[in-house]
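Below is one structure, written out as structure tokens; comments come after it.
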Amino acid sequence: MNKLSLPISVLALAFGIFSFFHFQSSSEQVYVDVNKLLDGYKRTKIVRADFEEKAKTLNANVDSLMTDWQNEIKTYEKERSKLSKKELELKQQLLGNKQQQINNYQQAIQKQIQEEDKKSTQTVINDINDYVKEYGKKNGYKIIFGASGAGNVMYASEAADLTQDVLQGLNTDFDGK
Amino acid sequence: MKSGILLFLGVFLCGCNSETFTTEKELLDYIMIEENGFTQNKTVNGYDFKLTYKPTDLLVKQEMGNLITDAKVKTLREKYNKHLYFILSMSKNNQELLNERAGDRNEFGAMVNQLAFGMNEKVHLYTQNKDTIALVDFVYPRMYGMSRSTSILFIYPKEENKLKEETLSFTIEDLGLYTGEVKFKIDTNIIKNEPQLSFKN
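Protein chains in written order, with my numbering: chain W, 5 to 181; chain Y, -16 to 184.
Here it is in structure tokens:
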């Protein structure tokens, strides 16, 4: 029995030390810079490029309608002296209606562009939120602050800044292992 | 000394085995506890998303009913073990997604269409290496506002080589709710060691 007690106590001590370092949760106050994460995350660039492409197509549609309408105005200006009073009224009404339609379309397109922007930004924010949560759990942090430059973290030492670590992990995760 | 080693081995082997439950309710309760990894919850922009991995035996039990035979259990397990079954529930204020669209006929129609026919283009399952697992089918049962959430069953093939990685990612693209893409990471261990029912009369 005495022979066994020494190795068992050594094992228990080793396990105790291991579990102390392995399972202890860090009570450090740490933070990540959300703006830096948004800028440095690879997916932001991809999502932004997609969005810009979509916005460009949508704006191009509006531009071509506007060009058509401006050409019609020019033609009307040239020909107005030849038109009768009734024809003039009719033409003005037609051009007015067309302008209204283009304005409505432009507003709808602007709304669509804003919605697309909101969706793509939210996608990136979801990814960052998920990863920071996972990182915090994995590394045993009790709390990770998100600094956005709006004064919510006024001062922190460099050691408390996890941004680079998190950004690296986030990008590795996005690239796939 | 020998008995100590045997005891240790016994405990170790029991720990590696999957859990076994005697009733369907016990199993359902177990998979609903988030810490067990079968169910995950997320709230984005006021919308609640819940993803649940449905173990094979729950489907076996559902088809078998109360008349249990060993042969039938074996056949059904073989049948359902070939696929992965996920239930995605989405809600806002404890109501179905369609409820808040009820005021606008066009939006309502578009959402019905999306949920019934378009979810294969919006939901994706892929590995850590970004290898996509192709969707086999999905089922959206209309509940006509009687349910607290919109639930859809997604079925994927069980490909052993894709389960070798630590996690699978289940993503839901934005469905026009401004939630962005919502992602769930699924630990493949829950699929490899899924809980079972004992199927005893």
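We put the CB at the ideal spot given by N, CA and C, even for glycine.
All values reported here derive from a predicted model rather than from experimental measurement.
| task | At 7 Å on the CB atoms, spell out the chain Y contacts of Gly180 of chain W, in chain order. | result | Think of a sphere of 7 Å around the beta carbon of Gly180 of chain W: the chain Y residues whose beta carbon falls inside it are Gln111, Asn112, Lys113, in chain order.
| Val113 of chain W and Val38 of chain W closer than 7 Å at C-beta | For the record, residue 113 of chain W in the displayed sequence is Ile; it is not Val. No.
| said: For a minimum of 4 consecutive residues, which ranges assigned as the alpha helix (DSSP H) are wholly contained in the stretch 45 to 122 of chain Y? | reply: Runs of the alpha helix (DSSP H) lying entirely within the stretch 45 to 122 of chain Y, each at least 4 residues long, are 53 to 63, 88 to 100, 102 to 105 in chain order.
| Bounding residues of the alpha helix (DSSP H) (the contiguous stretch that carries Ala59 of chain W) | First-last of the alpha helix (DSSP H) with Ala59 of chain W: 46 to 83.
| Host alpha helix (DSSP H) of Lys115 of chain W (start-end) | That run of the alpha helix (DSSP H) goes 89 to 142.
| Any beta-carbon of chain Y closer than 7 Å to the one on Gln97 of chain W? | Output row for Gln97 of chain W: interface = no.
| field | Short CB-CB distance (under 7 Å) between Gly163 of chain Y and chain W | value | With 7 Å as the cut-off, Gly163 of chain Y counts as an interface residue toward chain W.
| said: For Lys78 of chain W, would you say it is in contact with chain Y, using Cβ-to-Cβ distances shorter than 7 Å as the test? | reply: No - not a single Cβ of chain Y is within 7 Å of the one on Lys78 of chain W.
| In the structure shown, what three-state DSSP assignment does Lys175 of chain Y receive? | Three-state DSSP puts Lys175 of chain Y in a helix.
| said: Can you look up Ser26 of chain Y in the DSSP assignment and give me helix, strand or coil? | reply: Per the sequence shown, residue 26 of chain Y should be read as Thr rather than Ser. It is a strand residue.
| query | Quick one: Cα of Ala53 of chain W to Cα of Met94 of chain Y, how far? | reply | Distance between the alpha carbons of Ala53 of chain W and Met94 of chain Y: 27 Å.
| request: Would you give the residue range spanned by the beta strand (DSSP E) that Thr150 of chain Y belongs to? | output: Membership of Thr150 of chain Y in the beta strand (DSSP E) is indicated by the continuous run 150 to 155.
| request: Taking C-beta pairs closer than 7 Å, name the residues in chain Y that Ile129 of chain W reaches, listed in chain order. | output: For the C-beta of Ile129 of chain W, the chain Y residues within less than 7 Å are, from N- to C-terminus, Gly163.
| request: Using the Cα positions of Glu149 of chain Y and Thr167 of chain W, report the straight-line distance between them to the nearest angstrom. | output: So the two alpha carbons sit approximately 25 Å from each other.
| field | C-beta neighbour in chain W for Asp40 of chain Y, strict 7 Å | value | It does not: the Cβ of Asp40 of chain Y has no partner Cβ on chain W nearer than 7 Å.
| Taking all protein chains shown into account, do 16 or more other C-beta atoms lie within 10 angstroms of the C-beta of Arg88 of chain Y, making it buried, or fewer, making it exposed? | Exposed.
| message | Check whether chain W comes within 7 Å of Ile173 of chain Y, counting only Cβ atoms and requiring the distance to be less than that. | response | No, no contact with chain W.
| Can you find a CB in chain W that lies within less than 7 Å of the CB of Asp157 of chain Y? | Closer than 7 Å to some Cβ of chain W, the Cβ of Asp157 of chain Y qualifies, so yes.
| query | Just to confirm, are Thr159 of chain Y and Thr127 of chain W a CB contact at a threshold of 7 Å? | reply | The sequence given here has Gly at residue 159 of chain Y, not Thr. Against a cut-off of 7 Å, the Cβ pair of Thr127 of chain W and Gly159 of chain Y comes out as no contact.
| task | Indicate whether at least one CB of chain Y lies closer than 7 Å to the CB of Lys123 of chain W. | result | Yes, its Cβ sits closer than 7 Å to a Cβ of chain Y.
| query | What residues in the stretch 26 to 40 of chain Y bring their beta carbon closer than 8 Å to a beta carbon of chain W? | reply | Those residues of the stretch 26 to 40 of chain Y that come within reach of chain W (Cβ to Cβ, closer than 8 Å) are Val27, Asn28.
| field | the stretch 40 to 62 of chain W: positions lying closer than 7 Å to chain Y by Cβ | value | Of all residues in the stretch 40 to 62 of chain W, none has a Cβ within less than 7 Å of some Cβ in chain Y.
| Identify the residues that DSSP records as bridge partners of Asp31 of chain Y: which are they? | Residue pairing from DSSP places Asp31 of chain Y in a beta bridge opposite Y:Thr26, Y:Ser74.
| Based on Cα-Cα distance, which residue from Y:Thr115, Y:Leu98, Y:His66, Y:Lys37 lies nearest to Leu180 of chain Y? | Checking every option, the nearest Cα to that of Leu180 of chain Y belongs to Y:Lys37.
| field | Given Leu146 of chain Y as reference, the closest of Y:Thr171, Y:Met126, Y:Glu79, Y:Thr52 once Cα atoms are compared | value | The residue from Y:Thr171, Y:Met126, Y:Glu79, Y:Thr52 with its alpha-carbon nearest to that of Leu146 of chain Y is Y:Thr171.
| request: Measure from the C-beta of Tyr68 of chain Y to each C-beta in chain W and report whether the shortest distance is under 7 Å. | output: No, Tyr68 of chain Y lies away from the interface with chain W (no Cβ there is under 7 Å from its Cβ).
| query | In chain W, which residues lie with their C-beta within 8 Å of the C-beta of Lys166 of chain Y? | reply | Result: Asn130, Asp131, Asp134.
| task | Can you tell me which of the three DSSP states Gly128 of chain Y falls into? | result | Reduced to three states, the DSSP call for Gly128 of chain Y is coil.
| query | Going along chain Y, which residues have a C-beta under 8 Å from Gln116 of chain W? | reply | Chain Y residues near Gln116 of chain W: none, gap ~11 Å exceeds 8 Å.
| said: Can you tell me where the alpha helix (DSSP H) holding Asp179 of chain W begins and where it ends? | reply: For Asp179 of chain W, the enclosing alpha helix (DSSP H) covers residues 167 to 179.
| said: Just to check my reading of the structure: Ile129 of chain W and Tyr35 of chain W have Cβ atoms closer than 8 Å, yes? What is that Cβ distance to the nearest angstrom? | reply: That belief does not hold up - the Cβ atoms of Ile129 of chain W and Tyr35 of chain W are roughly 17 Å apart, past 8 Å.
| If we cut at 7 Å on Cβ distances, does Gln126 of chain W have a partner in chain Y? | Taking CB atoms only, Gln126 of chain W has a neighbour in chain Y less than 7 Å away.
| field | Helix, strand or coil at Ile12 of chain W [DSSP, three-state] | value | Here Ile12 of chain W sits in helix by DSSP.
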